[in-house]
Amino acid sequence: MDGASMKKIRNCRISYKTLVLSLGVLLVVGLVYTKYFHYRNSGRRWRPVNLVPVEKCVGSKCILANDTSTGMKYALYFQPRKTKVNEFVYRFLNQPTGACDPASPPVLMIIVPSSPSHTEERNAIRSTWGSVSRGKRWPLQSIKGKAKLVFLLGITENITTLQNLQDEVTEYNDIVQSDYLDTYQNLSLKILSGIRWTYLKCPDVKFILKADDDTFVHLPLLIATLEGYYRKVDRNGAIFGNINTDAKVRRRGMWKVSEIDYPFPHFPPYAYGNTYVISANIASRIFSASEYMPYIPIEDAFITGILAKVIGASHIFVSGFTFWLDYKPNYCDFVNDIRISATKVNFKYMYFLWEKLQSEDTNC
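Residues in the sequence shown are numbered from 76 upward in steps of one, following the working numbering.
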């Protein structure tokens with residue numbers, strides 16, 4: 076066989092292989108198109124199916140199935156898990172005795188998270204705006220209802236601090252201490268412990284105020300404002316404060332939240348954590364929901380945002396509540412009933428504000 080004949084045979088073989096390959100490609104494309112056409116006509120988008128549906132989530136490592144729309148993922152996330160994934164196992168080591176008289180319950184329970192070493196901050200609150208919880212009067216004003224104050228603390232490895240704290244517990248009878256380690260990552264645990272203690276020991280209280288220990292709160296104005304809302308709060312309850320409606324989730328730094336624990340770019344609306352109020356009729360439901368949701372250490376976003384959404388609580392913006400970028404207060408803000416709360420108030424400035432409020436010569 077000559078060279079020309081061999082060349083023709085090789086070309087035929089190449090053409091045959093090309094033909095077979097082309098037919099295979101067309102077959103695959105046809106199957107893909109048929110599958111796509113079927114999904115398009117069925118009104119659904121063609122997506123790969125993931126392995127773990129939400130009802131099979133275990134612990135905080137919940138992976139939402141990505142064969143649903145973003146809206147469906149969002150809705151599924153806020154459904155409590157079927158078993159406890161964040162069980163609260165902490166005990167009360169110290170707690171006030173006789174804090175709430177069932178015959179005359181307080182209108183407001185004030186819970187103040189504080190570090191064990193912040194003795195001066197706690198003493199300043201006891202001596203100034205928090206003193207009304209100990210029977211003292213507000214300067215030049217009356218308060219329509221009683222308030223009670225407790226400080227929330229965990230445990231520390233500093234022996235001296237623990238000894239001083241025990242003396243403080245004995246002297247003031249206003250500390251709720253639980254056996255979690257007192258760290259920033261446990262801040263949500265700290266507030267949940269205060270919410271739990273309140274509904275267990277003061278079930279007839281109407282409202283719970285959470286206030287940081289570097290804030291100043293105008294209690295007469297706050298209680299008067301809350302009383303105006305009391306009859307309007309339905310069984311789903313409400314969160315009162317300065318409401319953040321578009322908070323981005325941070326993935327780095329001090330306030331980071333992992334995508335595993337919260338996979339969305341924004342938190343639901345929540346109240347800025349410097350000061351906010353929870354209607355007490357939902358205290359037990361918030362605590363219960365926390366055990367069935369992945370733990371988020373960003374306390375305000377977790378408790379007044381995520382958990383509030385889980386139980387269906389509403390948010391009520393109240394003018395006068397502070398937020399973390401707010402300006403340092405002037406005493407006239409409180410004399411003239413402009414501000415309910417203020418942040419950036421260290422213990423020395425707290426005494427200064429209180430002294431000004433007591434003066435009848437204050438020029439505002």
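C-beta atoms are modelled at their ideal positions from N, C-alpha and C, and glycine is treated no differently.
- For Arg325, the three-state secondary structure derived from DSSP is strand.
- Distance between Asn411 and Tyr304, taken at the CA atoms: about 21 Å.
- Between Ala313 and Ile391 a beta carbon distance of about 5 Å is seen, short of the 8 Å cut, so the two are scored as contacting.
- The C-beta distance from Asp279 to Pro171 rounds to 16 Å, too long to meet the 8 Å contact threshold.
- Contact between the segment 420 to 430 and the segment 189 to 209 is present: 3 or more CB-CB pairs across the two stretches fall below 8 Å.
- Just measuring C-alpha positions, the residue of Phe396, Asp309 and Glu374 sitting nearest Ala355 is Asp309.
- Nearest to Asn261 by C-alpha distance, out of Phe163, Met147 and Leu297, is Phe163.
- In this structure, Ser208 sits near Lys223, with a CB-CB distance shorter than 8 Å.
- Setting aside the 5 residues that flank it on each side, Ala358 is surrounded in the same chain by Ile270, Thr273, Tyr274 and Ile283, each with a C-beta closer than 7 Å to its C-beta; the list follows chain order.
- Annotation: Tyr345 is outside any alpha helix (DSSP H); the continuous beta strand (DSSP E) that includes it extends over Tyr345 to Ser354.
- Between the segment 423 to 439 and the segment 334 to 345, the count of C-beta pairs closer than 8 Å stays below three; the two stretches do not touch.
- Thr194 is the residue among Cys175, Thr194, Lys211 and Glu334 whose C-alpha sits nearest the C-alpha of Thr235.
- Secondary structure within the segment 210 to 291: the alpha helix (DSSP H) runs of 4 or more consecutive residues, fully enclosed, are 234 to 247 and 262 to 276 (chain order).
- The three-state secondary structure of Ser416, taken from DSSP, is strand.
- Per the C-alpha coordinates, the member of Ala364, Asn317 and Lys221 positioned closest to Arg414 is Asn317.
- In the three-state reduction of the DSSP assignment, Ala313 falls in the strand class, which pools E and B.
- Distance between Phe362 and Ser263, taken at the CA atoms: about 11 Å.
- The beta carbon of Ala388 sits closer than 7 Å to those of Asn311, Gly312, Ala313, Ile314 and Ile357, all from its chain and outside the five residues before and after it, given in chain order.
- In this chain, the beta strand (DSSP E) harbouring Val187 covers Leu183 to Pro188.
- Within the DSSP secondary-structure output, Asn169 pairs in a beta bridge with Gln252.
- Excluding the 5 residues flanking it on each side, Asp249 has same chain C-beta neighbours closer than 7 Å at Pro171, Leu224, Val225 and Phe226, in chain order.
- For Ser389, the three-state secondary structure derived from DSSP is strand.
- DSSP places Ile298 in the helix class (H, G or I) of the three-state scheme.
- Beta-bridge partners of His341 (DSSP): Lys323.
- When the Cα atoms are used, Met368 and Gly328 turn out to be separated by approximately 23 Å.
- Assignment of beta-bridge partners to Ile318 by DSSP yields Ala346.
- Leu432 and Lys307 have their C-alpha atoms roughly 32 Å apart.
- The residues Tyr406, in chain order, have a CB closer than 8 Å to that of Phe427 in the same chain once the five nearest residues on each side in sequence are set aside.
- The C-alpha of Lys265 is placed about 27 Å away from the C-alpha of Leu151.
- Inter-residue distance for Leu256 and Glu435 is about 45 Å (C-alpha atoms, whole angstroms).
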